[in-house]
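Residue numbers (the UniProt record's numbering): 1 to 79.
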């Protein structure tokens, strides 16, 4: 975890998405210990998971309404 990286946040998040895809590792959601058993949502709490990642979505919400979304596709699945 890092603090907010301001202008570098989007670049760092994009690098994390690409590394997760390259290493087939889903990063964990930290500090989420109170899961609702009635909500069937795989959020990867506290520990990373190993699995193939075909797509990754990165949302960047900046100050003043400057927002962006990037979708990455794993190129190793292309033939």
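Here a beta-carbon is modelled for each residue, glycine too, at the ideal position from N, C-alpha and C.
On a predicted model such as this, the values are computed, not experimentally measured, just so you know.
Here residue 12 has 5 as same chain residues with Cβ atoms under 6 Å from its own Cβ, once five neighbours each way along the sequence are excluded. Counting other Cβ atoms within 10 Å of its Cβ, residue 15 stays below 16 and is therefore classed as exposed. The count of Cβ pairs closer than 8 Å, one atom from the stretch 22-35 and one from the stretch 44-54, reaches three, so the stretches are in contact. Here the alpha carbon of residue 67 sits roughly 33 Å from the alpha carbon of residue 37. With fewer than 16 neighbouring CB atoms inside 10 Å of its own CB, residue 7 falls in the exposed class.
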